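Colleague: Mind looking over this structure? Questions follow.
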Amino acid sequence: METSRDDFVIAIRSAFLKKGTQQRFSLLSLILFSIIFLILGSLNFKAINYLKIIMNEVVYRSSFIVSGPENFLKDNYRIVQNHINLYEENEINKSELKVLRSKDLLNEFIVSENKKLKNIVDDYLVESDTIFAKVLSDKGSPFLKSIIVNKGSKHKINLGMVAMDGEYLIGKVVQVNYLSSRVLLLSDLNSKIPVTVEPNGTQSILSGTGKDHGVIQYYKKNDIIEDQSIIYTSGTGGLFKAGIPVGILNSNYLNEQNKVEFFSDYSQLKFVKIFSYINNEVK
Amino acid sequence: MTELRNKNFIKKILSQVPLILLFMSVLNNFDFNYLSTKHFSFNFSYILIFYYSLKKSESLGYIYIFIAGLFNDVVIGTPIGLSSLMYLLLCGAGAYLRNITLRPSLVKDCIFFLITILIINSLLFIILNFIFGHQLEYFDQIINILYTFLLYFLFSNLFDFFEKNFLGRTNAG
Numbered sequence: 375m376e377t378s379r380d381d382f383v384i385a386i387r388s389a390f391l392k393k394g395t396q397q398r399f400s401l402l403s404l405i406l407f408s409i410i411f412l413i414l415g416s417l418n419f420k421a422i423n424y425l426k427i428i429m430n431e432v433v434y435r436s437s438f439i440v441s442g443p444e445n446f447l448k449d450n451y452r453i454v455q456n457h458i459n460l461y462e463e464n465e466i467n468k469s470e471l472k473v474l475r476s477k478d479l480l481n482e483f484i485v486s487e488n489k490k491l492k493n494i495v496d497d498y499l500v501e502s503d504t505i506f507a508k509v510l511s512d513k514g515s516p517f518l519k520s521i522i523v524n525k526g527s528k529h530k531i532n533l534g535m536v537a538m539d540g541e542y543l544i545g546k547v548v549q550v551n552y553l554s555s556r557v558l559l560l561s562d563l564n565s566k567i568p569v570t571v572e573p574n575g576t577q578s579i580l581s582g583t584g585k586d587h588g589v590i591q592y593y594k595k596n597d598i599i600e601d602q603s604i605i606y607t608s609g610t611g612g613l614f615k616a617g618i619p620v621g622i623l624n625s626n627y628l629n630e631q632n633k634v635e636f637f638s639d640y641s642q643l644k645f646v647k648i649f650s651y652i653n654n655e656v657k
Numbered sequence: 662m663t664e665l666r667n668k669n670f671i672k673k674i675l676s677q678v679p680l681i682l683l684f685m686s687v688l689n690n691f692d693f694n695y696l697s698t699k700h701f702s703f704n705f706s707y708i709l710i711f712y713y714s715l716k717k718s719e720s721l722g723y724i725y726i727f728i729a730g731l732f733n734d735v736v737i738g739t740p741i742g743l744s745s746l747m748y749l750l751l752c753g754a755g756a757y758l759r760n761i762t763l764r765p766s767l768v769k770d771c772i773f774f775l776i777t778i779l780i781i782n783s784l785l786f787i788i789l790n791f792i793f794g795h796q797l798e799y800f801d802q803i804i805n806i807l808y809t810f811l812l813y814f815l816f817s818n819l820f821d822f823f824e825k826n827f828l829g830r831t832n833a834g
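Structure follows, in structure tokens:
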């Protein structure tokens with residue numbers, strides 16, 4: 375009994391304390407080092423924060439370079455696929471265009487009317503200077519759905535700024551380095567934004583799921599949420615302007631209720647618009 | 662003479678393949694750990710690190726594994742030092758198994774690997790969820806562990822093949 379315990383201790387000691395062939399550090403010292411990193415990192419220790427910033431810059435750029443061949447293949451595959459589907463898409467687009475043109479005329483009138491009314495109630499927010507940023511890395515992980523963009527504090531990017539793909543909201547800036555930033559996508563498990571579900575005008579919260587869709591939560595039990603409803607930001611909290619399109623409710627999607635398909639495809643992002651909303655008078 | 666030098670150079674490059682694979686898997690956008698498929702994902706880094714710390718510990722230096730872990734944390738956005746800790750614990754488990762094994766067998770290695778990744782992922786879940794407040798999908802983690810375990814058989818044979826045929830190391834298995 376004692377011998378087997380001795381063997382266990384010897385094996386453990388040999389595994390963790392002994393430096394193996396061509397190993398410069400013992401395993402235990404490196405484990406201790408990582409634990410120290412973790413603890414100091416969680417305590418926002420200054421030296422670790424500086425190290426983090428330097429590492430972020432180096433790793434984001436290297437990741438962009440290493441992903442080059444794979445991105446090249448992906449892009450070409452997409453181009454070929456687009457060409458194959460071209461005719462079919464063109465037919466659908468033509469029919470949609472007709473409908474949209476007629477709607478556009480009506481929209482222009484409603485938008486200008488809305489601007490006037492919001493100015494009266496002092497709720498009209500305008501965009502700060504827009505920064506266009508290139509997506510360096512869109513590595514999804516089970517822990518964080520985010521993208522890395524090539525603009526940072528040098529380009530006047532601040533925490534909490536809004537990221538858009540065209541006219542669609544995709545997320546907000548959660549980490550700013552000197553030359554790069556991280557944008558937390560709406561699909562992230564920890565992302566929650568106030569939204570309005572139209573046409574009923576139901577106020578709700580759109581939560582990320584960690585996958586490529588979101589989910590509508592925390593609305594009144596009596597509220598009826600119809601399939602194919604459009605999800606817009608509600609503007610509550612002041613971070614986002616009200617009425618930015620986010621996605622469409624698709625109950626058939628994955629056969630589950632209240633699933634929101636985002637308008638923007640987060641896996642295809644190349645460039646994003648970053649800005650913040652400020653009050654008209656402040657500007 | 663030149664031919665011999667060339668051969669040595671190629672062998673040197675080939676002997677660095679595990680290290681290159683580790684850093685590629687950590688830095689590349691394409692991640693086996695997060696494929697778009699609904700119920701399929703596996704942790705390639707875990708398989709690579711466990712295999713090489715068990716069979717060829719000199720191929721992957723601990724310091725490189727530590728750095729790869731830091732890079733992984735930066736890329737995927739987990740608290741810095743967490744992946745390094747997990748990777749090094751995996752190395753420890755591999756080294757421990759190497760010390761106690763007299764007659765190596767793939768099945769035993771796999772079972773030990775399964776137990777190790779179960780413990781490591783539980784630890785990861787606890788640290789992320791309870792200390793750092795990150796939410797994790799429990800079911801996704803289980804799927805990930807299961808496929809990582811199953812694919813260890815495949816990758817172990819592939820790495821054995823590579824070690825024996827490209828580097829001429831016969832004691833890899």
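Chain order of the listed sequences is G and R.
Residues 375 to 657 (this note's numbering) make up the first sequence, in order.
Residues 662 to 834 (this note's numbering) make up the second sequence, in order.
Ideal Cβ placement from N, Cα and C applies to all residues, glycine included.
Computed from a predicted structure; not experimentally measured.
If we require 3 or more residues per run, which beta strand (DSSP E) segments fall completely within the region 561-623 of chain G?
Modeller: 566-572, 576-582, 587-591, 604-607 and 619-623
Colleague: So, with DSSP's three-state summary, where would you put F810/R?
Modeller: DSSP places F810/R in helix when its eight states are reduced to three.
Colleague: Look up M429/G in the DSSP assignment and give the residues it is bridged to.
Modeller: BP columns for M429/G are empty, so no partner.
Colleague: Whose C-beta lies closer than 7 Å to the C-beta of Y434/G among residues of the same chain, with five residues either side of it excluded?
Modeller: Counting only Cβ-Cβ distances below 7 Å, and skipping sequence neighbours, we find L510, S511, I522 and S554.
Colleague: Just the Cα atoms here: how many angstroms apart are L543/G and L559/G?
Modeller: 9 Å
Colleague: Which residues in chain R have a C-beta closer than 9 Å to the C-beta of G430/G? List them in chain order.
Modeller: Before going further, note that residue 430/G is Asn rather than Gly in the sequence given. Correct list: V735.
Colleague: Mind reading off the beta-carbon distance from L414/G to L749/R? Whole number of angstroms is fine, and I expect it under 8 Å.
Modeller: At roughly 17 Å, the Cβ-Cβ gap does not stay under 8 Å, so L414/G and L749/R are not in contact.
Colleague: Under 9 Å, Cβ to Cβ, is there at least one residue of chain R near V646/G?
Modeller: no
Colleague: Would you check if there are 3 or more beta carbon pairs closer than 8 Å linking the region 607-619 of chain G to the region 531-541 of chain G?
Modeller: As far as the Cβ criterion goes, the region 607-619 of chain G touches the region 531-541 of chain G, which means the pair count is three or higher.
Colleague: Once DSSP output is grouped into helix, strand and coil, what is the label at Y651/G?
Modeller: Looking at Y651/G - three-state DSSP - the assignment turns out to be strand.
Colleague: Would you say C752/R and S817/R are within 9 Å of each other, going by their C-beta atoms?
Modeller: no
Colleague: For chain R, find out if any of its Cβ atoms is closer than 9 Å to the Cβ of L560/G; answer yes or no.
Modeller: no
Colleague: Going by DSSP, what residue range makes up the alpha helix (DSSP H) through L538/G?
Modeller: Per the sequence shown, residue 538/G should be read as Met rather than Leu. Careful: M538/G lies outside any alpha helix (DSSP H), inside the beta strand (DSSP E) at V536 to D539.
Colleague: Quick check: is the beta carbon of G526/G nearer than 9 Å to any beta carbon in chain R?
Modeller: no
Colleague: Give me the chain G residues within the contact set of E824/R, using Cβ-Cβ distance strictly less than 9 Å, ordered along the chain.
Modeller: Neighbours of E824/R on chain G: none; closest Cβ ~16 Å, over 9 Å.
Colleague: For the region 406-420 of chain G, enumerate the residues whose C-beta is nearer than 9 Å to any C-beta of chain R, in chain order.
Modeller: F407, S408, I409, I410, F411, L412, I413, L414, G415 and S416
Colleague: Which bits of chain G does P740/R rub up against, with CB to CB less than 7 Å?
Modeller: L412, G415 and S416
Colleague: For the beta strand (DSSP E) that G545/G lies in, which residues bound it at each end?
Modeller: Y542 to V550
Colleague: Can you tell me whether R556/G is helix, strand or coil according to DSSP?
Modeller: strand
Colleague: Please report how far the alpha carbon of V768/R lies from the alpha carbon of I710/R, in whole angstroms.
Modeller: 18 Å
Colleague: Determine, using beta carbons only, whether D562/G and K530/G come nearer to each other than 9 Å.
Modeller: no
Colleague: What does a CB cutoff of less than 8 Å around D801/R pick up in its chain, not counting 5 residues either side in sequence?
Modeller: S702
Colleague: Would you list the residues sitting across from V634/G in a DSSP beta bridge?
Modeller: G588/G and L623/G
Colleague: If contact means a Cβ-Cβ distance below 9 Å, which residues of the region 564-589 of chain G contact chain R?
Modeller: N564, T583, G584, K585 and D586
Colleague: Using a Cβ-Cβ cutoff of less than 7 Å, which residues in the same chain neighbour I618/G once the five nearest sequence positions on both sides are dropped?
Modeller: L543, Y606 and T607
Colleague: Return helix, strand or coil for L322/G, following the three-state DSSP convention.
Modeller: Nothing about residue 322/G can be read from this structure; chain G reaches only from 375 to 657.
Colleague: Exposed or buried, A421/G, counting other C-beta atoms within 10 Å across all chains shown (16 or more means buried)?
Modeller: exposed
Colleague: Taking only beta-carbon positions, decide if S437/G is within less than 9 Å of chain R.
Modeller: yes
Colleague: Identify every residue that forms a DSSP beta bridge with F774/R.
Modeller: Bridge partners of F774/R: none, in fact.
Colleague: Between the Cα of K647/G and the Cα atoms of D478/G, K546/G and N423/G, which residue gives the shortest distance?
Modeller: K546/G
Colleague: At the level of alpha carbons, what is the spacing between I579/G and D639/G?
Modeller: 20 Å
Colleague: So, at 7 Å on beta carbons, what are the nonlocal neighbours of L682/R in its own chain, with the 5 sequence-adjacent residues on each side left out?
Modeller: L709
Colleague: What is the DSSP secondary structure of S520/G, counted as helix, strand or coil?
Modeller: strand
Colleague: Any Cβ of chain G within less than 9 Å of the Cβ of P679/R?
Modeller: no
Colleague: Output needed for K594/G: all residues of its chain with C-beta closer than 8 Å, excluding positions within five of it in sequence on either side, in chain order.
Modeller: T576
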